[in-house]
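Q: The numbers in numbering that gives the first Met the number 0 rise by one with no breaks, and the one at position 304 of the sequence shown is 303.
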Amino acid sequence: MKRLFTYLLLAAMTVMTLVSCSEEKRKKALLPNISGKAGEVIIVIDKGAWEGAVGTTLRDTLAADCPYLPQREPMYTLVDVIPNGFNNMFQIHRNIIIVNISSSVTEPGVTIRQNVWAAPQCVIGINAPDSETAVELIKDNSQKIITTLEQAERDRVIANTKRYEELAIAPAVAEVLGGSPHYPSGYRLKMRTNDFTWVTYEPQYTQQSILGFKYPVVPGEEMMSRENLIKDINAMLQKNVPGMFENTYMTIASSVTPSVKYMNYKGHAFAEIRGLWDVHNDYMGGPFVAHAFYSQDGKDMIVLLAFVYAPKYDKRQYLRQVESVLYSFEWDKPKNNDGKE
0 MKRLFTYLLL AAMTVMTLVS CSEEKRKKAL LPNISGKAGE VIIVIDKGAW EGAVGTTLRD
60 TLAADCPYLP QREPMYTLVD VIPNGFNNMF QIHRNIIIVN ISSSVTEPGV TIRQNVWAAP
120 QCVIGINAPD SETAVELIKD NSQKIITTLE QAERDRVIAN TKRYEELAIA PAVAEVLGGS
180 PHYPSGYRLK MRTNDFTWVT YEPQYTQQSI LGFKYPVVPG EEMMSRENLI KDINAMLQKN
240 VPGMFENTYM TIASSVTPSV KYMNYKGHAF AEIRGLWDVH NDYMGGPFVA HAFYSQDGKD
300 MIVLLAFVYA PKYDKRQYLR QVESVLYSFE WDKPKNNDGK E
């Protein structure tokens, strides 16, 4: 009887989960599409709070310089709107932060909601009884707020990429690396060898590229150390990414020390390397971000390196777009003897 009860309980929970997911999908389908530019955030806040300490703290958090860009650009473009002006036009924006400062607030905190007035939408609430508490909430939750906005922007890029994907590229990359990101429409496979791939999108005056390569793990070496990652990546760039002239090649710029952060995203562990690239003996350059991780059998290091070349334009959004593609990486699914997954 106990076993039967357990089975019935699990079945009921499964049905409830499926119904809940179905209702969420139905609700999302009925919502209008989001508006606004990528990298833009609506701040719903009283004018006095925006011009005071609360607004200053929000600007210091979200409009600080985006790291590792050759020119100064804010992480996000902020648009302040007073509560009475927060009408239908603003309610369907992609990213919204609502600052509620009122003595009636009994449970101060930061809340996160999805798809409130539009989809796919991110709505962050900051609720506080006074300005001092609001400032502390923003400071204490700054990383949470930034991470939430970054994830929302990233998920939108990945969803659009999968909807309009260049389907022929991923299998070709997976043959080399054992897996592949999903590549947006307009990208093309520029180069492929037995250990290197170069996928690029090159409209006029700009270039967004993703390099994928592998190299053997050396027994006894700390392959994930900053020094070894930079050394090994530079060796692969020198070998595979030549410049326009003789004795020129792509390299990690030594003028700015790259950052290395060890991360885990949906069970996928990797080192994130972020910095600037340039061309040895030439004047080209721009920002890059790379993910480095072990192959499934542990015999190789795999690196996905996304870089931007856009000398005439701001680069924040170009880099955010191509970086998001890295997060769509999936291992190639094993196939049965009949060739099916």
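We treat Cβ as the ideally placed atom computed from N, Cα and C, and that holds for glycine.
By the three-class DSSP mapping on this structure, what secondary structure does residue 89 have?
A: For the purposes of this step, residue 89 is identified with residue 90 of the sequence shown, where counting begins at 1. Residue 89 falls in the helix class under three-state DSSP.
Q: Looking at C-beta atoms only, is the number of pairs between the segment 30-47 and the segment 87-100 that lie closer than 8 Å three or more?
A: yes
Q: If you draw a straight line from the C-alpha of residue 177 to the C-alpha of residue 97, how long is it?
A: Within the sequence shown, numbered from 1, the residue matching residue 177 stands at position 178. Within the sequence shown, numbered from 1, the residue matching residue 97 stands at position 98. About 44 Å.
Q: When the Cα of residue 132 is compared with those of 257, 173 and 106, which residue comes out closest?
A: For this step, residue 132 is matched to residue 133 along the sequence shown. Of the listed residues, the one whose Cα sits closest to residue 132 is 106.
Q: Give me the residue from 125, 89 and 323 with the minimum Cα distance to residue 104.
A: Working through the sequence shown from its first residue, we reach residue 104 at position 105. The candidate whose alpha carbon is nearest that of residue 104 is 125.
Q: Would you mind sorting residue 109 into buried or exposed? The rule is 16 or more other CB atoms within 10 Å of its CB.
A: One-based indexing of the sequence shown puts residue 109 at position 110. Classification for residue 109: buried.
Q: Do you know whose CA, among 295, 71 and 135, lies nearest residue 100's CA?
A: One-based indexing of the sequence shown puts residue 100 at position 101. Of the candidates 295, 71 and 135, the one whose C-alpha sits nearest the C-alpha of residue 100 is 135.
Q: Taking a contact to mean a Cβ-Cβ separation below 7 Å, would you say residue 185 touches residue 200 in this structure?
A: Along the sequence shown, read from residue 1 onward, the residue named residue 185 stands at position 186. Along the sequence shown, read from residue 1 onward, the residue named residue 200 stands at position 201. Yes, they are a contact pair.
Q: For residue 330, count neighbouring Cβ atoms within 10 angstroms of its own Cβ and tell me buried if that reaches 16, exposed if not.
A: Within the sequence shown, residue 330 is the residue found at index 331, counting from 1. Exposed is the call here.
Q: DSSP on residue 221, reduced to helix/strand/coil?
A: Within the sequence shown, the letter at position 222 stands for residue 221. Residue state, collapsed to three classes: coil.
Q: Should residue 43 and residue 85 be called a contact, given that it needs their Cβ atoms to be closer than 7 Å?
A: Counting from one through the sequence shown, the residue named residue 43 turns up at place 44. Counting from one through the sequence shown, the residue named residue 85 turns up at place 86. Contact: yes.
Q: Between residue 264 and the rest of its own chain, which residues show a CB-CB distance below 8 Å, the 5 nearest in sequence each way excluded?
A: Position 265 of the sequence shown, counted from the first residue, corresponds to residue 264. Taken in chain order, the residues that qualify are 326.
Q: Between which residues of its own chain and residue 112 is the CB-CB distance below 6 Å, once the five residues before and five after are set aside?
A: Residue numbering aside, residue 112 sits at position 113 when the sequence shown is read from its first letter. 122.
Q: What three-state label does DSSP hand residue 276 in the structure shown?
A: Your numbering for residue 276 matches position 277 in the sequence shown. Here residue 276 sits in strand by DSSP.
Q: Among 308, 272 and 218, which one has its Cα closest to the Cα of residue 278?
A: Taking the sequence shown and counting its residues from 1, one reaches residue 278 at position 279. Ranking the options by Cα distance to residue 278, first place goes to 308.
Q: Apart from the five residues just before and just after residue 320, which ones in its own chain have a Cβ nearer than 6 Å to its Cβ?
A: If you number the sequence shown from 1, residue 320 lands on position 321. Cβ neighbours of residue 320 beyond the five flanking positions: 156.
Q: Go to residue 42, then tell me how far its beta strand (DSSP E) extends in each direction, as first and last residue.
A: The sequence position of residue 42 within the sequence shown is 43, counting from 1. Per DSSP, residue 42 belongs to the beta strand (DSSP E) from 39-43.
Q: Examine the Cβ distances between the segment 296-304 and the segment 144-154 and report whether three or more of them are shorter than 8 Å.
A: no
Q: Go ahead and pull the three-state DSSP assignment for residue 49.
A: Reading the sequence shown from its first residue, position 50 is the one you call residue 49. The DSSP-derived three-state label of residue 49 is helix.
Q: In the DSSP output, which residue or residues are listed as bridge partners for residue 164?
A: Your numbering for residue 164 matches position 165 in the sequence shown. Looking at the DSSP assignment, residue 164 forms a beta bridge with 183.
Q: Starting from the C-beta of residue 233, find all residues in its chain whose C-beta is less than 7 Å away, skip the five residues before and the five after it, and write them out in chain order.
A: As a position in the sequence shown, residue 233 is number 234, starting the count at 1. Here the set comprises 250 and 251.
Q: Do you know offhand how far residue 270's Cα is from residue 57's?
A: Locating residue 270 in the sequence shown gives position 271, counting from the first residue. Locating residue 57 in the sequence shown gives position 58, counting from the first residue. Computed Cα separation, rounded: 29 Å.
Q: Identify whether residue 323 lies in helix, strand or coil by the three-state DSSP scheme.
A: On the sequence shown, residue 323 is found 324 positions in, with the first residue counted as 1. Residue 323: helix per DSSP, three-state reduction.
Q: State the beta-bridge partners of residue 330 as determined by DSSP.
A: Stepping through the sequence shown from its first residue, residue 330 is reached at position 331. Bridge partners of residue 330: 178.
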